[in-house]
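Below is one structure; the comments refer to it alone.
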Amino acid sequence: MLDHIFLTVSNTESAIAFYTKVLPILGITNRHDYDGKDGPAGHPDLMGFGAKGRIFFWLRQGQPAPEAVHVGFVANSEDIVNTAYAAALAAGATQIHKPGPQLHYDPRYYAAQVRDPDGYSLEFVYKSWQHDDATQ
Numbered sequence: 001m002l003d004h005i006f007l008t009v010s011n012t013e014s015a016i017a018f019y020t021k022v023l024p025i026l027g028i029t030n031r032h033d034y035d036g037k038d039g040p041a042g043h044p045d046l047m048g049f050g051a052k053g054r055i056f057f058w059l060r061q062g063q064p065a066p067e068a069v070h071v072g073f074v075a076n077s078e079d080i081v082n083t084a085y086a087a088a089l090a091a092g093a094t095q096i097h098k099p100g101p102q103l104h105y106d107p108r109y110y111a112a113q114v115r116d117p118d119g120y121s122l123e124f125v126y127k128s129w130q131h132d133d134a135t136q
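The working numbering numbers the first residue of the sequence shown as 1 and each following residue consecutively.
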């Protein structure tokens with residue numbers, strides 16, 4: 001399991017504004033900023049997002065490398081995929097693919113994909129078999 005990820009963004013204020021509009025739809029509602037001054041040498045200032053007492057999605061100022069990262073966010077329903085996709089577009093993302101079944105993966109894989117303002121590929125994913133298994 002992953003504990004955290006850093007995305008290097010061109011403008012942290014703009015990135016925070018974007019992700020603040022999108023991530024709460026996915027249940028990622030906590031925010032925490034780390035100034036880096038008391039951390040390891042060279043550790044940057046970090047702007048974090050998380051849920052359930054954990055901060056796991058961090059932004060840092062610098063030169064973006066969108067071709068190096070794809071982030072898939074869990075959605076708990078097809079409606080949440082649709083809502084996150086619409087919110088991302090309204091907040092400045094560009095479309096990669098509209099919400100719908102991703103039959104090349106599995107007929108129960110429903111997702112949408114966008115590029116954030118720095119060009120990072122973001123996917124909002126609902127896998128119904130994971131939710132079916134959780135209720136059994």
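Even glycine gets a Cβ: it sits at the ideal position worked out from N, Cα and C.
On a predicted model such as this, the values are computed, not experimentally measured, just so you know.
Check: Boundaries of the alpha helix (DSSP H) in which ALA17 is found, first to last residue; Outcome: 12–22
Check: Pair within 8 Å by beta-carbon distance, GLY50 and ILE28; Outcome: yes
Check: Residues near GLU78 by beta carbon distance below 6 Å, same chain, minus five either side; Outcome: TYR110 and TYR126
Check: ASP35 burial status per 10 Å Cβ neighbour count (16 or more: buried); Outcome: exposed
Check: Neighbourhood of SER10 by C-beta, 7 Å cutoff - its chain only, sequence neighbours within 5 removed; Outcome: PRO64 and ASP118
Check: Whole-angstrom distance between LYS37 and TYR105, CA atom to CA atom; Outcome: 44 Å
Check: DSSP state of PHE57 mapped onto helix, strand, coil; Outcome: strand
Check: 8 Å Cβ cutoff met for THR20 and ARG60; Outcome: no
Check: Closest by C-alpha distance to HIS70, when choosing among GLY100, ASP116, SER128 and ILE55; Outcome: ASP116
Check: Every unbroken alpha helix (DSSP H) inside the region 68–93 [4 residues or more]; Outcome: 78–90
Check: Distance between ILE55 and LEU2 (C-alpha atoms, nearest Å); Outcome: 12 Å
Check: Of the listed residues SER14, LEU26 and GLY72, nearest to ILE5 (C-alpha basis); Outcome: GLY72
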